[in-house]
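Reviewing the structure listed below.
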Amino acid sequence: MSGSNEMSTPIIIDVQHLTRAFGSLVAVDDVSFKVHRGEIFAFLGPNGSGKSTTIRMLCGILAPTSGSASVLGYDIVRQAEKIKQGIGYMSQRFALYEDLTVRENLEFYASVYNVDKALRKQRLGELIDMAGLRGREQQLAGQLSGGWKQRLALGCATVHNPQLLFLDEPTAGVDPISRQEFWTMIYDLARAGRTIFVTTHYLDEAEHANRVGIIHEGVLRALASPAALKQSVRGELLKVSTNAPFDTVAAMGAMQGVLNVALQGNDVHALIDPAQQSAAGISTSLRSAGIGVSDVRTVDPTLEDVFIYLASTAKEHTA
Amino acid sequence: MWARIGAMVRKEFIQIGRDRRTLGMVIAMPIMMLLLYGYGINIVIDHLPLVVFNEANDPESRALVTAMQNSSYFDVVQYVHTQDAMTSAIDGGTAKVAIHIPPDFGTAILRGEQGQAQLVVDGSDPNNASTASFAAGMVAQAQSTRIITQQLARRGMGGLRSGVEMRPVVLYNPSLKSVNFMIPSIIGLIMSFQTILLTAFAVTREREQGTLEQIIVTPIRTWEFMLGKILPYTVTSTVGAFGAVLGARLIFGFRIAGDLGLLILLSVLFLMGSLGLGLLVSVVSKTQGQATQTAMFIMIPSILLSGFIFSRDAMPWIVRQLGLLVPLTYYIQIVRGIMLKGVGIESLWSAVWPLLIYSIVVFGLSAVLFQKRTV
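Protein sequence lines correspond, in order, to chains A and B. Sequence positions in the first sequence follow our numbering and run 5 to 323. Sequence positions in the second sequence follow our numbering and run 78 to 452.
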């Protein structure tokens with residue numbers, strides 16, 4: 005346990021050199037990390053980066069090509085059946101029975117997870133309250149709107165009180181208010197002592213996590229708390245506001261000392277090497293190129309900047 | 078373990094009840110097939126529409142037409158007076174058969190010569206055509222015999238009996254009703270249709286909608302899931318088959334001649350094979366559309382080759398051998414044997430052992446492959 009310096013709490017997921025290939029495509033490439041009990045652990049990455057494949061391997065849906073992992077102390081290949089009673093899983097698409105009612109779905113999963121009959125009624129009542137589905141018990145799951153569906157799915161995934169929850173893009177396609185409410189439920193679950201492994205491609209959501217792993221093209225690029233990740237960006241981050249954002253990106257890409265440049269909204273975020281370039285220098289160069297510069301200032305990096313930074317450095321490595 | 082299987086079965090029944098398509102297949106299909114094959118499809122050809130062009134119009138020619146009508150193979154639908162009218166009646170589909178009796182028909186007979194009439198048959202349906210020729214030949218033969226006996230009597234040689242008489246005794250289905258022949262097949266069809274198609278649907282639907290993945294992360298075992306999928310359709314197809322038998326009894330007065338227990342036992346064997354086939358279809362199909370295509374690919378040859386509609390005895394050798402690859406062939410033999418002939422297992426062995434081998438192999442294979450490929 006030489007690498008474990010973050011926390012002294014027990015390790016609940018231990019992943020060692022996990023790899024999964026689909027033909028010639030390596031979806032998850034030699035990934036290693038540990039998750040501690042009670043953590044909210046987020047996997048951040050774009051679609052197709054290997055987040056879901058990792059989760060599916062940890063849940064025993066998919067066998068790894070090489071490497072190993074243990075979940076709740078059980079090996080994911082040899083002891084997959086033992087893991088299943090202790091975890092809850094929510095897939096990125098709605099995976100409940102649309103032609104069953106809210107209550108029938110919950111009852112089905114309660115039976116499948118062998119929830120004690122005497123406790124079942126009370127447990128289902130709690131879940132219906134937690135998900136805010138009171139009054140909708142007899143509604144068909146397929147007729148619920150996006151946000152309600154997600155909550156029902158969370159209810160079904162937690163019907164057996166699992167100590168570890170895998171949530172694969174739980175808020176994809178859900179409106180911002182429902183997303184906010186959903187995260188409140190996740191916090192409540194974490195506060196009650198559960199470990200949450202969540203994947204997302206929403207950068208703002210990753211900020212909710214205790215630790216964030218950034219995965220890109222199957223490779224785990226970075227793993228730290230959101231704050232530490234932001235500090236890891238080397239160089240100085242500038243926010244440049246001009247009247248011609250696209251031209252600005254093109255012009256700055258050719259400038260010396262500009263490590264990385266990307267459009268964020270109407271602004272241009274650029275990472276510079278302070279030894280070679282400065283805010284004033286950029287301002288002057290842009291003006292001489294005929295671009296109307298309204299503001300150039302140093303800002304603190306967001307997770308998006310971290311992500312773009314890591315993704316671009318990765319490209320340099322592979323190029 | 079039983080709680081999980083029970084949950085699966087309960088869930089499956091709720092879904093069957095809410096899905097109109099499945100429900101239609103479970104309830105409406107047996108009823109529809111029974112009525113359609115019982116009333117609609119009559120594989121014995123009779124009452125062919127007949128057009129008469131009688132130029133003779135004498136007692137002998139009228140006697141011939143009456144004899145044809147009385148044979149019940151022909152129904153006179155029209156009398157015409159020209160050759161063209163006769164042809165156009167066949168062209169237009171008013172009649173399938175025409176008889177043309179020339180003017181000298183009766184006089185020729187009275188002279189002791191042969192009375193000649195022409196039979197025109199619409200050959201576009203070969204079954205109709207061959208039945209019509211055969212039946213008309215029979216009628217003509219009977220008429221000839223009658224005329225010859227009359228002529229002999231006139232010459233003082235009455236009281237003669239014809240040389241050979243064939244008295245047919247029909248075993249097993251004495252009234253020769255199609256419905257009796259079809260009911261065993263209908264049961265075979267319900268059993269294989271529902272099990273193959275609905276089982277395959279039930280699994281691929283879960284794969285298509287992502288619910289299969291959610292189920293896999295629960296502690297449910299693959300064989301528990303399999304059993305949970307199979308049991309409901311075993312129940313519905315059994316109920317459907319019993320319903321068809323009961324309906325046949327109430328509507329057509331059909332009775333099972335043989336041992337019901339043996340029938341059920343061998344039906345379970347056949348069901349096992351069909352359910353296995355349904356699971357195999359679901360293993361190779363990603364979507365319900367693919368499952369339908371695959372199932373049809375299996376079922377259409379089954380219907381054509383098994384003797385369900387077309388008599389296997391009339392098939393060319395090679396086609397008959399192909400039919401031996403179809404499990405429904407053996408099951409239909411068994412069901413007809415028990416239901417119509419009332420025979421016991423000792424007469425059915427030649428159909429039972431291939432079915433036994435098939436069911437064990439297919440069910441075993443499906444269990445193994447299903448384990449390997451669930452997502």
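Glycine included, C-beta positions come from ideal geometry on N, C-alpha and C. Predicted model, so just to flag it, every value in this text is computed and none were measured.
- Under the DSSP assignment, M94/A falls in the beta strand (DSSP E) whose first and last residues are 91-94.
- Residue contact with chain B for A99/A: present (Cβ-Cβ distance below 7 Å to some residue of chain B).
- For I82/B, the CB contacts under 8 Å within the same chain, skipping 5 residues up- and downstream, are E301, L304, G305, L308 in chain order.
- Around the C-beta of W152/A, 16 or more other C-beta atoms lie within 10 Å, and the residue is accordingly described as buried.
- Excluding residues up to 5 positions away in sequence, R155, L156, L158, G159 lie with their Cβ nearer than 7 Å to the Cβ of A135/A in the same chain.
- With contacts defined by Cβ atoms closer than 7 Å, A318/B and I267/B form a contacting pair.
- Within chain B, the residues whose beta carbon sits less than 9 Å from that of D103/A are I91, Q92, R95, D96, listed in sequence order.
- By a beta-carbon distance limit of 8 Å, L168/A contacts I16/A. Their separation comes to about 6 Å.
- Taking the CA atoms as reference points, D199/B sits about 18 Å from M215/B.
- For K125/A, there are no C-beta contacts with chain B under 9 Å, since the nearest C-beta of that chain is about 16 Å from it.
- For the region 135-148 of chain A, the set of positions with a beta-carbon nearer than 7 Å to some beta-carbon of chain B is empty.
- Distance between A73/A and G239/A, taken at the CA atoms: about 36 Å.
- At a Cβ-Cβ threshold of 7 Å, V154/B and P179/B do not count as neighbours.
- Under the Cβ distance rule, S56/A does not count among the residues neighbouring chain B, no pair being separated by less than 7 Å.
- The Cβ atoms of Y93/A and F45/A lie no closer than 7 Å to each other.
- At a Cβ-Cβ threshold of 7 Å, G177/A and G146/A do not count as neighbours.
- Proximity of chain A to P296/B at the Cβ level (cut-off 8 Å) is accounted for by E85, K88, Q89, V116, Y117, N118, in chain order.
- Counting the other Cβ atoms within 10 Å of the Cβ of F201/A gives 16 or more, which makes it buried.
- Taken atom to atom, the span from the alpha-carbon of L227/A to that of F311/A is near 12 Å.
- Going by DSSP, L168/A is part of the beta strand (DSSP E) stretching over 168-172.
- Only exposed fits I377/B, as fewer than 16 other CB atoms lie within 10 angstroms of its CB.
- Under a criterion of Cβ atoms nearer than 9 Å, no residue of chain A is adjacent to E285/B; the nearest Cβ is some 11 Å distant.
- Annotation for L156/A: the continuous alpha helix (DSSP H) segment containing it runs 150-161.
- Setting aside the 5 residues that flank it on each side, E221/A is surrounded in the same chain by D33, S53, G54, A318, each with a C-beta closer than 8 Å to its C-beta; the list follows chain order.
- Residues of the region 300-325 of chain B with a Cβ closer than 7 Å to any Cβ of chain A: none.
- For a Cβ distance threshold of 8 Å, residue set I293, V294 of chain B lies close to G64/A, ordered along the chain.
- Measuring C-alpha to C-alpha distances from T57/A to each of G42/A, S245/A, R24/A, N270/A identifies R24/A as the nearest.
- Within the region 200-242 of chain B, the complete alpha helix (DSSP H) segments of 4 residues or longer fall at 203-231, listed in chain order.
- Linking L340/B to A217/B through their CA atoms gives a straight-line distance of about 45 Å.
- With fewer than 16 other Cβ atoms inside 10 Å of its own Cβ, S149/B counts as exposed.
- Counting only runs of at least 4 residues, the region 115-151 of chain A fully encloses the following alpha helix (DSSP H) elements, listed from N- to C-terminal order: 121-134.
- Chain B places no beta carbon closer than 7 Å to that of Y78/A, leaving this residue out of the contacts.
- Inter-residue distance for P68/A and Y117/A is about 25 Å (C-alpha atoms, whole angstroms).
- In the three-state DSSP reduction, N131/B falls in the strand class (E or B).
- At a beta-carbon threshold of 7 Å, the residues of chain B lying near E108/A are I91, ordered along the chain.
- Residues M102, V103, M106, Y310, T313, S314, G317 of the same chain have their beta carbon placed closer than 8 Å to that of Q271/B, with the five preceding and five following residues left out of the count.
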